[in-house]
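The numbering of the sequence shown is the numbering used here, which starts it at 1 and goes up by one.
Note that the Cβ used here is the ideal one computed from N, Cα and C, for glycine as well.
It should be emphasised that the depicted structure is a prediction, and the values quoted were computed from it without experimental measurement.
For reference, the structure discussed in these notes is given below.
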Amino acid sequence: MVLLDGVERFDDDSVETVLQVRADGLLSAADGSLPAWVGVEIMAQSVAAFAGCHARQAGQPVELGFLLGTRSYQCNVEAFPAGADLRVRAHRSLQDDNGMGVFECHLDGPGIHAEARLNVFRPPEVASYLQESAP
């Protein structure tokens with residue numbers, strides 16, 4: 001399920017993505033709005049877009065990554081209304097050689113502001129990581 005409509009720009013440490021809230025989305029409420037908690041997923045998809053843009057720019061395949069979580073997600077609304085145009089800015093504040101990363105994320109729209117610090121993980125060798133994790 002892809003919620004983003006596109007990547008507006010990216011650089012070495014950040015990405016800006018956009019989307020319009022669709023009334024018929026998989027996570028949409030009966031009134032067509034998206035519950036505010038979906039903002040974490042939208043931010044996570046923006047971080048994934050950042051990684052994907054850099055992989056493609058380097059001629060590498062886009063690989064799997066994981067959202068580990070966030071300690072704090074703050075949003076000033078209960079839901080994002082259908083038709084709302086949203087913009088996400090995600091800035092990488094930390095990334096180590098083991099694949100751990102931290103992104104400061106802001107989601108904004110008309111009368112809407114949400115922010116979170118996402119902890120993410122992209123294993124250096126995804127295939128071997130998944131094989132080791134298999135039961």
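Give the C-beta separation of residue i and residue j to the nearest angstrom, bearing in mind that I take them to be a contact with Cβ-Cβ under 8 Å.
i	j	result
residue 93	residue 78	Not really, about 28 Å apart at Cβ, beyond 8 Å.
residue 39	residue 82	Wrong, their Cβ atoms sit about 15 Å apart, outside the cutoff.
residue 62	residue 56	7 Å
residue 109	residue 86	4 Å
Please work out which residues of its chain come closer than 8 Å, Cβ to Cβ, to residue i, disregarding the five sequence neighbours upstream and downstream, and give them in chain order.
i	result
residue 49	4, 7, 10, 15, 17
residue 84	20, 21, 109, 110, 112
residue 125	none
So, is residue i buried or exposed, given that buried needs 16 or more other C-beta atoms within 10 angstroms?
i	result
residue 72	exposed
residue 90	buried
residue 65	buried
residue 88	buried
residue 34	buried
residue 107	buried
residue 58	exposed
residue 51	buried
residue 30	exposed
Identify, in the order they occur along the chain, each residue of the same chain with its Cβ nearer than 7 Å to the Cβ of residue i, setting aside the five sequence neighbours on each side.
i	result
residue 67	44, 118, 120
residue 13	91, 92
residue 23	32, 82
residue 70	40, 116, 117, 118, 119
Once you ignore the five residues that flank residue i on each side, which residues in its own chain have a CB closer than 6 Å to its CB?
i	result
residue 95	101
residue 75	36, 39, 114
residue 26	1
Write down every uninterrupted run of the alpha helix (DSSP H) in the region 12–71 whose length is 4 residues or greater and which is fully enclosed by it, in chain order. 38–57
Kindly confirm or deny that the region 113–128 and the region 95–102 touch, where touching means at least three C-beta pairs closer than 8 Å. yes
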